[in-house]
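Mapping of the sequence shown onto this note's numbering: residues 32 to 448, in sequence order.
Note that CB positions come from ideal geometry on N, CA and C, so glycine has one too.
Here the structure is a predicted model, which means the values were calculated and not measured.
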Amino acid sequence: MHVLVIGAGVIGMTTAWALARDGHQVTVLDAGPEPASGASHANGAQLSYSYVAPLAGPSIWKDLPKLLFGRDAPVRFRPGLDLRQYRWGLRFLAACTAGKARRTTQALLRLAFLSRDVLADARDLQALDFDHVQAGKLVVYSSAESFAAAAAQARFQNTLGCKQDVLDAAACLALEPALRPIAGRLVGGIFTPDDAAADPRKLCHGLLHLLEGHNNGVAFHFNTPVIRLLREGQRLVGVETANGRFRADAYVLAGGIQSVALAQGIGLELPLYPIKGYSLTLDIANENAAPRVSVTDYGNKVVYARLGQKLRVAGMADIVGADMALEPDRVAQLSRQAAATFPVAAPEAAQQPWCGLRPATPSGRPILGHSGIDGLWLNVGHGALGLTLAFGSAASIAAGIAGRPEPLDMADFALHA
Ligand SMILES: Cc1cc2nc3c(=O)[nH]c(=O)nc-3n(C[C@H](O)[C@H](O)[C@H](O)COP(=O)(O)OP(=O)(O)OC[C@H]3O[C@@H](n4cnc5c(N)ncnc54)[C@H](O)[C@@H]3O)c2cc1C
Numbered sequence: 032m033h034v035l036v037i038g039a040g041v042i043g044m045t046t047a048w049a050l051a052r053d054g055h056q057v058t059v060l061d062a063g064p065e066p067a068s069g070a071s072h073a074n075g076a077q078l079s080y081s082y083v084a085p086l087a088g089p090s091i092w093k094d095l096p097k098l099l100f101g102r103d104a105p106v107r108f109r110p111g112l113d114l115r116q117y118r119w120g121l122r123f124l125a126a127c128t129a130g131k132a133r134r135t136t137q138a139l140l141r142l143a144f145l146s147r148d149v150l151a152d153a154r155d156l157q158a159l160d161f162d163h164v165q166a167g168k169l170v171v172y173s174s175a176e177s178f179a180a181a182a183a184q185a186r187f188q189n190t191l192g193c194k195q196d197v198l199d200a201a202a203c204l205a206l207e208p209a210l211r212p213i214a215g216r217l218v219g220g221i222f223t224p225d226d227a228a229a230d231p232r233k234l235c236h237g238l239l240h241l242l243e244g245h246n247n248g249v250a251f252h253f254n255t256p257v258i259r260l261l262r263e264g265q266r267l268v269g270v271e272t273a274n275g276r277f278r279a280d281a282y283v284l285a286g287g288i289q290s291v292a293l294a295q296g297i298g299l300e301l302p303l304y305p306i307k308g309y310s311l312t313l314d315i316a317n318e319n320a321a322p323r324v325s326v327t328d329y330g331n332k333v334v335y336a337r338l339g340q341k342l343r344v345a346g347m348a349d350i351v352g353a354d355m356a357l358e359p360d361r362v363a364q365l366s367r368q369a370a371a372t373f374p375v376a377a378p379e380a381a382q383q384p385w386c387g388l389r390p391a392t393p394s395g396r397p398i399l400g401h402s403g404i405d406g407l408w409l410n411v412g413h414g415a416l417g418l419t420l421a422f423g424s425a426a427s428i429a430a431g432i433a434g435r436p437e438p439l440d441m442a443d444f445a446l447h448a
């Protein structure tokens, strides 16, 4: 079968890889000049397989004032005129119940574990260099209340097959001595030894080289924005791009946040909204200050991942529309927090600031599977977990297209779930 994939971010590239493995002829289209030019470019680099609890949870009600209005608040909300922002916000708040958060956590854990297993079993990927290290992830807390809630969540997740250890402050410092600068505010942490880190851009470029040389010869067309999807009745029959029309037997929409506009053109509403985040990539000049494990500073909502001799720092959740401006105050805030936690870089060193748009659903679950329109499959809405969930999502879509039983119960990931 000839399958056309729209989008060469981490979701589109892993989908192309899974489809090529099944023997399909695959064509990938992307508006950008290279793979990973959207949200996958310089994200937090965390493969946080066991840390998938959605933002939409019951604690949001009491955390929201601090998240929004606290000093250096990690969440920013700028109300606009876009009705979709309010519709998404209402659906997000409706998802903030204990029952719904548990259902999402369970579904995401299944998908995350599948991703981990697919990546671990993929022999052709072992030779790729994408700074993939399984050093574990430590989430540290500065408030006794948040730590107690996290310990309860870890106990719940232990029942679902996660290996997670609850550590006091001293044990956190013994595990990761580079946390010394914040020892005074450390209350405790949750350590997940199986979690990993990887450079998403390097992964996408590695997949590009692998797939270009693949037996089935995957065809890539960059600088090729899809202008609209072509629907005839109940069937998708092609796509119109700036470089002409493309037709295939099946289509996978994996265009990140821009999938919304493309789907809307054929009458399909995708409940996604962009949540903007920032990252810095620092050269490690001071090895003693650099963490070895991935660290999440829960109070500040900042993540740190070691990528070879670089430290990736990421954070912020700004609900400000599809605004790609690098706001100097947000960059400065992230830079201050990084310098206070892991002072790895020389004072005048370049920080490589970046921002991207997380394609977020209200519940936190991605939308995976058949769209209801013949020939069109959806692999969208991975929010803050696209790198983590990519291989499992790709495997599920490939199984659906091949007509094999899906490796997971897909009901939780359906468009109208
Ligand atoms: C600051 C930040 C930190 C993050 N940290 C992590 C993390 O630590 N771990 C994790 O798992 N996830 C993380 N994420 C989330 C993760 O980056 C996203 O979920 C993931 O990148 C989404 O991948 P995607 O392929 O769906 O979208 P994208 O990477 O945005 O790719 C979509 C692609 O589609 C192309 N496209 C769009 N429209 C068209 C069109 N009309 N025609 C042709 N091509 C088109 C774009 O050019 C782009 O290349 C983070 C995100 C941000 C912003």
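>> On the criterion of 16 or more Cβ atoms from any shown chain inside 10 Å, does K131 qualify as buried, or is it exposed?
In response: By the neighbour-count criterion, in which a residue is buried when 16 or more other Cβ atoms sit within 10 angstroms of its Cβ, K131 is buried.
> What are the complete beta strand (DSSP E) segments, minimum 3 residues, inside the region 342-423?
Replying inline: Taken in chain order, the complete beta strand (DSSP E) segments of 3 or more residues contained in the region 342-423 are 385-391, 398-401, 407-411.
>> In the DSSP assignment, the alpha helix (DSSP H) including F187 goes from what residue to what residue?
In response: Segment 175-189, the alpha helix (DSSP H) holding F187.
> Would DSSP call H240 helix, strand or coil?
Replying inline: DSSP places H240 in helix when its eight states are reduced to three.
>> Helix, strand or coil for I37? Go by DSSP, reduced to three states.
In response: Three-state DSSP puts I37 in a strand.
> With burial defined as no fewer than 16 other Cβ atoms inside 10 Å of the residue's Cβ, what is the status of I404: buried or exposed?
Replying inline: Buried is the call here.
> Does the region 318-334 come within contact of the region 273-284, defined as at least 3 CB pairs closer than 8 Å?
Replying inline: Taking a cut-off of 8 Å for Cβ pairs, the region 318-334 and the region 273-284 do not touch, as fewer than three such pairs fall below it.
>> Is T312 near ligand 1 - that is, is its Cβ less than 6 Å away from at least one heavy atom of it?
In response: Checking every heavy atom of ligand 1 against the Cβ of T312, none is found closer than 6 Å.
> How many angstroms separate the CA atom of L293 from the CA atom of A430?
Replying inline: Cα to Cα, L293 sits roughly 24 Å from A430.
> Under the criterion of a Cβ to heavy atom distance below 6 Å, does I42 qualify as lining ligand 1?
Replying inline: I42 has its Cβ nearer than 6 Å to a heavy atom of ligand 1.
> Got a sec: does ligand 1 put a non-hydrogen atom nearer than 6 Å to the Cβ of Q382?
Replying inline: For Q382, the shortest separation between its Cβ and any heavy atom of ligand 1 does not lie below 6 Å.
>> Restricting to runs no shorter than 4 residues, where is the alpha helix (DSSP H) found entirely within the region 141-179?
In response: The region 141-179 contains these whole alpha helix (DSSP H) runs: 154-157.
>> Just to confirm the assignment, what range does the beta strand (DSSP E) spanning Q295 have?
In response: First-last for Q295: 290-295, but that is the alpha helix (DSSP H), not the beta strand (DSSP E).
> Does at least one heavy atom of ligand 1 sit under 6 Å from the Cβ of A126?
Replying inline: No, Cβ of A126 sits at least 6 Å from all heavy atoms of ligand 1.
> Is G287 near ligand 1, going by C-beta to nearest heavy atom under 6 Å?
Replying inline: It does: the Cβ of G287 is within 6 Å (strictly closer) of some heavy atom of ligand 1.
>> Mapping the DSSP letters down to three states, classify K131 as helix, strand or coil.
In response: Collapsing the DSSP output to three states places K131 in a helix.
>> Among the candidates F444, I432, A445, whose CA atom is the shortest distance from the CA of P56?
In response: A quick correction: the sequence has Gln, not Pro, at residue 56. The candidate whose alpha carbon is nearest that of Q56 is I432.
> Count the other CB atoms within 10 Å of the CB of N74; is the residue buried (16 or more) or exposed (fewer)?
Replying inline: By the neighbour-count criterion, in which a residue is buried when 16 or more other Cβ atoms sit within 10 angstroms of its Cβ, N74 is buried.
> Do you know whose CA, among F253, T255, P397, R278, lies nearest L261's CA?
Replying inline: Cα-wise, what sits closest to L261 is R278.
>> Among the candidates V41, R52, D314, whose CA atom is the shortest distance from the CA of A336?
In response: The shortest C-alpha to C-alpha distance from A336 to any of V41, R52, D314 is the one to D314.
> Is K307 helix, strand or coil by DSSP?
Replying inline: K307 carries a strand assignment under DSSP once its states are collapsed to helix, strand and coil.
>> So, under 8 Å CB-CB, L217 and V171 are touching, yes? Tell me the CB distance rounded to an integer number of Å.
In response: For L217 against V171, the beta-carbon gap comes to about 6 Å, under 8 Å, which counts as contact.
> How about T453 and S427: do their beta carbons lie closer than 7 Å?
Replying inline: No answer is possible for residue 453: the residues shown for the chain start at 32 and end at 448.
> Run through DSSP, which three-state label would A201 get?
Replying inline: In the three-state DSSP reduction, A201 falls in the helix class (H, G or I).
>> Taking the straight line between their C-alpha atoms, what separation do you get for C386 and R109?
In response: Cα to Cα, C386 sits roughly 17 Å from R109.
>> What would DSSP say about I258, mapped onto helix, strand or coil?
In response: Here I258 sits in strand by DSSP.
> Less than 6 Å between the CB of S256 and some heavy atom of ligand 1, yes or no?
Replying inline: The sequence shown places Pro at residue 256, not Ser. Indeed, a heavy atom of ligand 1 lies less than 6 Å from the Cβ.
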